[in-house]
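For reference, the structure is listed below as structure tokens.
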Amino acid sequence: MKALRPFFMEDWLESFRNKAVFNMGESGGRPRTVKELLEESGYSENSSFTEIMNLPLFDSPNRGREDLRKLVADMHSSTSTENVLITTGTSEALFLLFRYLKPKKVAIPIPAFQLLYEIPAAMGALIIPLPIRYNLDGVPFLDINEWMTILDNENPDCIIINNPHNPTGLVFSEEILEKIVHYSNKNNCYLIGDEHYRFLSSEQNILGNSLYCNKQNIFITGSFIKCFGCPGLRIGWCIGNKQALDSIQNEKNYTTHTVNPFSEWLSYKVLLQQDSNLFKKIKNEWLINRETLKQFLVHSKTLYGITPEGGLVTVLGLKNIDDENALNNKMELLLSNGIFVLPLSSMEFGKFNFQNNIFYKEIKLSLINKGFGFRLGLGIDPNKFKVALDRMEQILN
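Plus 10 on top of the position in the sequence shown (first one is 1) and you've got our numbering.
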């Protein structure tokens, strides 16, 4: 395995996440305290404190707590605890999964979260882009027929579908997902569903659709920590066949070994109460911020794009900006005024050939594809989010 390149996005986040007045560069929900997570889940402070103080700090079971694995299994059809491995965040789940699968050709929707293509590329895999483009209105779109043609021509041995999608905010339709699953089953191709935003992918339901269908070639990675504003818990999971998870867990024994017992305990408490105020509050804040952004974009003279269908990020373009100096000046202006958003260069917009075209068929394309814009996070307090958008408009105007 080659040395990994710099994690471009993380360098930006580390530099500005704790300095900005308005941190909208993150991809997760607003940070929540342990007290808030527990009380909004229906637990009293006194009983929770007693339980925490008596929590033994031994090694958790190597595969994760049985009761936590049962909760995760219940979120996926035709799944039992033997199909669930608890990991130290989704990043570890993906890293260990790629090491187990050892793919040679990986097809992935682009643009994408860097980790999803960086690790297999460092292991020697060829990355096959499945294009997602932005039209002149800043609306992301894909052509499923183009995707299927690419898959037929390139014959990858692994497909990665991040759904809801970071950074576009797309939620892939059942029709698209069914075609991808059918292709992977027919061609004996591994399929990885990265479903970190699944808790914020449906306006009505607690969970959106999952790719998982208990096939030997299908794997899911996921978590709740981004949606719930508690990434410091570092809890994730990998769903797959038992033989694969046995091998992955053996490799985990050489790295993080087990997951922190406090993180597992708190995760269990939160996920056990799916009808709690916490679940309702997180969904409600997401819906409010989506509507706030939607109304803002209707009237904005400086920015264009759409609110995300799912997840906590979207991409916005800068109006009337078509050269890099002007783009950099605007980004610096935002930073100097306490507003941090993530430059698209950190997600390698413009790196792939298809992103530099002017048209796709008869559709004229936005300069967003080349990196003229930024990723916006919706995971801040709704009142603060509205203030931040208004201030952004004033600064850029």
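C-beta atoms are modelled at their ideal positions from N, C-alpha and C, and glycine is treated no differently.
Since the structure is predicted, the reported quantities are computational estimates derived from the model, not experimental observations.
Item                                                                                                                              : Value
Buried or exposed (CB count within 10 angstroms, at least 16 for buried), residue 300                                             : buried
contact_flag[the region 318-327, the region 378-394] where n(CB pairs < 8 Å) is 3 or more                                         : yes
Own chain partners of residue 282 with C-beta closer than 7 Å, once the 5 adjacent residues on each side are dropped              : 81
Inter-residue CB distance, residue 168 and residue 104 (contact presumed, cutoff 8 Å)                                             : That belief does not hold up - the Cβ atoms of residue 168 and residue 104 are roughly 12 Å apart, past 8 Å.
Top-ranked residue by Cα proximity to residue 395, from 44, 295, 407 and 27                                                       : 295
Residue 406 vs residue 340 beta-carbon contact at 9 Å                                                                             : yes
Same chain only: Cβ atoms within 6 Å of residue 182, ignoring 5 sequence neighbours per side                                      : 173
Residue 318 Cβ short of 8 Å to the ligand PLP heavy atom set                                                                      : Summarising the ligand content, the structure contains no ligands, and the ligand PLP is consequently not present.
Same chain, Cβ closer than 8 Å to residue 26, neighbours up to 5 away in sequence not counted                                     : 33, 35, 345 and 350
Classification of residue 336 by the beta-carbon crowding that lies within 10 angstroms, buried from 16 upward                    : exposed
Sequence ranges, beta strand (DSSP E) only - wholly within the region 247-312, length at least 3                                  : none
Under the three-state DSSP convention, the category residue 14 falls into                                                         : coil
Identity of the residues DSSP links to residue 139 by a beta bridge                                                               : 118
Span separating the alpha-carbon of residue 356 from that of residue 297                                                          : 27 Å
Inside the region 67-126 only - beta strand (DSSP E) runs reaching at least 3 residues                                            : 94-97 and 115-120
Sequence-distant residues of the same chain with beta carbon closer than 6 Å to residue 73, five excluded per side                : 95 and 259
Nonlocal neighbours in the same chain, by C-beta distance under 6 Å from residue 40, ignoring five residues either side           : 239, 389, 390 and 391
Close Cβ partners of residue 252 (< 6 Å) along its chain, the five nearest in sequence each way excluded                          : 92
Contact under 9 Å by Cβ, residue 180 with residue 358                                                                             : no
Test item: CB-CB of residue 170 and residue 127 under 9 Å                                                                         : yes
Same chain only: Cβ atoms within 6 Å of residue 99, ignoring 5 sequence neighbours per side                                       : 244 and 246
C-alpha gap between residue 248 and residue 262, whole angstroms                                                                  : 12 Å
Among 30, 52 and 153, the one whose alpha carbon lies nearest that of residue 372                                                 : 153
Residue interval of the alpha helix (DSSP H) (run including residue 397)                                                          : 392-406
Length of the line joining the Cα atoms of residue 277 and residue 254                                                            : 24 Å
Chain-order list of residues whose beta-carbon lies under 6 Å from that of residue 202 (same chain, five-residue window excluded) : 170 and 229
Straight-line Cα distance separating residue 206 from residue 307                                                                 : 26 Å
The beta strand (DSSP E) enclosing residue 44, as first and last residue numbers                                                  : Premise fails: residue 44 lies in the alpha helix (DSSP H), 44-50, not in any beta strand (DSSP E).
Selection from 176, 120 and 52 that minimises the alpha carbon distance to residue 322                                            : 176
Reference residue 106; option with closest CA among 257, 378 and 52                                                               : 257
Ranges of the beta strand (DSSP E) found wholly within the region 173-239, counting only runs of at least 3                       : 200-204 and 228-232
Nonlocal neighbours in the same chain, by C-beta distance under 6 Å from residue 88, ignoring five residues either side           : 224
Coarse secondary structure for residue 150, derived from DSSP in three states                                                     : strand
Three-way DSSP call (helix, strand, coil) for residue 245 in this model                                                           : coil
With 16 other Cβ atoms within 10 Å as the buried cut-off, status of residue 214                                                   : exposed
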